[in-house]
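J.: The following block contains the structure, expressed as structure tokens.
In our numbering, the protein residues as written are 932 to 1056.
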């Protein structure tokens, strides 16, 4: 194999890798955990329609990666774009942040957090 053929083959492979990576990145861009830096458009750039299961997964992921929100303690259900949060959090600040994070997700029409209790409030019952 000549040097020219070898160089052409290497260049073709490199181009294929770059194109394959850019295609994958366009479909699933890198995630960020800095929700304050994210814009509404960052939450779902794909031309694919937003489904309830996608919203649920995105909300759960964002709650798990957000600071000061116990994502494992919050149950998430979505029906027709309405997200229902249930469970118990330690403070009103955690409750409010969970609601804010959820509201930022593309496709969320409304957040029902009536079932998301604050531990101090839950203990009084």
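Ideal Cβ positions, reconstructed from N, Cα and C, are used throughout, including at glycine.
In the structure shown, what three-state DSSP assignment does residue 1038 receive?
T.: Coil, per DSSP.
J.: Could you name the residues of the same chain whose beta carbon sits closer than 6 Å to that of residue 991, not counting the 5 residues immediately before and after it, in chain order?
T.: Excluding residues within five positions, the ones whose Cβ falls inside 6 Å are 1007.
J.: So residue 1038 and residue 981 are in contact, right, with Cβ under 8 Å, and what is the actual spacing, rounded?
T.: About 3 Å; that satisfies the 8 Å criterion.
J.: Name the DSSP bridge partner or partners of residue 992?
T.: Beta-bridge pairing links residue 992 to no other residue.
J.: Specify the secondary structure class of residue 1030 as computed by DSSP and reduced to three states.
T.: Of the three classes helix, strand and coil, the one that applies to residue 1030 here is helix, per DSSP.
J.: What does the alpha-carbon distance come out to for the pair residue 986 and residue 1035?
T.: Cα-Cα distance, rounded: 11 Å.
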